[in-house]
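Residue numbers (my numbering): 15 to 184. All remarks here apply to the structure that follows.
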């Protein structure tokens, strides 16, 4: 396995792909609540990322609006995974090259074997910007939803866009 990409190398890769990105530095954040308290008025959609696996070892990265409450049982059925649970920190590092609290769609750059399936909340596509951690949780990078999809495709992945409101927890 090769070493995970660094945040600076990721930002260079975005530039090479012609993806405009704006990055701000901040203290590390590990939860949506910490992010909300710290970010101030950063424009655009803010996300949460769920790194999931099923009993067969198939993995998914689910990228949703930060306030979306998701029923994991309903989500597992919707994505054809059956029962899903959160992937371990070791599996997360091995496949996306990040630690818990820094899960991001940008981690797909490290999934060179393309073992992680990607699901994007349809609601994110409707925003002008999407804010993601650039492989570390002490920065936030904003890009357009179209550029996020372009990046995912450049990593060799096909994002499935789903209305995650249909799997919302009550």
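Ideal placement from N, C-alpha and C gives every residue a C-beta, glycine not left out.
Would residue i and residue j qualify as a contact pair, given that the criterion is a beta-carbon distance under 8 angstroms?
i: residue 21; j: residue 153; result: yes
i: residue 74; j: residue 130; result: yes
i: residue 76; j: residue 63; result: yes
i: residue 58; j: residue 143; result: yes
i: residue 111; j: residue 42; result: no
i: residue 89; j: residue 98; result: yes
Below 6 angstroms CB to CB, which residues in the same chain sit around residue i once its five sequence neighbours on both sides are set aside?
i: residue 137; result: 79
i: residue 168; result: 31
i: residue 115; result: 44 and 151
i: residue 181; result: 84, 85, 88, 89 and 92
i: residue 49; result: 43
i: residue 60; result: 80 and 145
Check residue i in the structure and name its three-state DSSP category.
i: residue 19; result: coil
i: residue 31; result: coil
i: residue 43; result: coil
i: residue 149; result: coil
i: residue 56; result: coil
Would you kindly work out how many angstroms separate the C-alpha atoms of residue i and residue j, rounded to a whole number?
i: residue 66; j: residue 117; result: 11 angstroms
i: residue 171; j: residue 92; result: 19 angstroms
i: residue 123; j: residue 146; result: 14 angstroms
i: residue 157; j: residue 16; result: 26 angstroms
i: residue 176; j: residue 139; result: 10 angstroms
i: residue 28; j: residue 126; result: 17 angstroms
i: residue 102; j: residue 119; result: 17 angstroms
i: residue 72; j: residue 36; result: 33 angstroms
i: residue 34; j: residue 148; result: 13 angstroms
i: residue 26; j: residue 70; result: 36 angstroms
Ignore the nearest five residues each way along the sequence and tell me which others in residue i's own chain have a CB closer than 7 angstroms to its CB.
i: residue 173; result: 132, 134, 163 and 166
Chain B beta carbons: is any one of them nearer than 8 angstroms to that of residue i?
i: residue 181; result: Reference to chain B is not applicable here, since this structure consists of a single protein chain.
Looking only at its chain, what residues have a beta carbon closer than 8 angstroms to the beta carbon of residue i, apart from the 5 residues adjacent to it on each side?
i: residue 47; result: none
Next item on the list: Tell me the start and end of each unbroken beta strand (DSSP E) in the stretch 61-145 that is at least 3 residues and wholly inside, in chain order.
Entry: 73-79, 98-100 and 130-135
Item checked: Whole runs of the beta strand (DSSP E) within the stretch 149-175, excluding any shorter than 3 residues -> 153-157
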